[in-house]
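A.B. asks: Residue numbers (numbering that gives the first Met the number 0): 0 to 65.
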Amino acid sequence: MTMLRLKPRQRGVLSETFRELANLSAGAMVLGQFVGERPFSPLVLLAGAGMWIALVVLSLFYARDE
Numbered sequence: 000m001t002m003l004r005l006k007p008r009q010r011g012v013l014s015e016t017f018r019e020l021a022n023l024s025a026g027a028m029v030l031g032q033f034v035g036e037r038p039f040s041p042l043v044l045l046a047g048a049g050m051w052i053a054l055v056v057l058s059l060f061y062a063r064d065e
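1) Distance, Cα to Cα, E15 vs Q9?
2) Could you check the C-alpha separation between G35 and L20 for me, to the nearest Å?
3) Does the beta carbon of W51 sit closer than 8 Å to a beta carbon anywhere in chain C?
4) Apart from the five residues on each side of it in sequence, which residues of its chain come closer than 6 Å, Cβ to Cβ, to S24?
5) For V43, which residues of its own chain have a beta-carbon under 7 Å away from its beta-carbon, when the five flanking residues on both sides are left out?
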């Protein structure tokens, strides 16, 4: 199986993209509940927080030095 080898610059860009995606997903799922017309859902809040944590961890994984 061939692994994708990224250059340091590519890893940095990918890491920053995952951090931005984490913030966007948290904003959409958590803050969006306070703006929307539907009642507050703790499940959506937990899903947003979980997605944020997963994407930040993925970002840190790609930002590490080899």
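Beta carbons are placed, not taken as given, at the ideal position from N, Cα and C, and that holds for glycine.
C.D. replies: To lay it out plainly:
1) For E15 and Q9, the gap between their C-alpha atoms comes out near 10 Å.
2) Using only the alpha carbons, I get a separation of about 21 Å.
3) Looking for chain C here will not work: only one protein chain is present.
4) Around S24: M50.
5) So the list reads M28 and Q32, once near-sequence residues are dropped.
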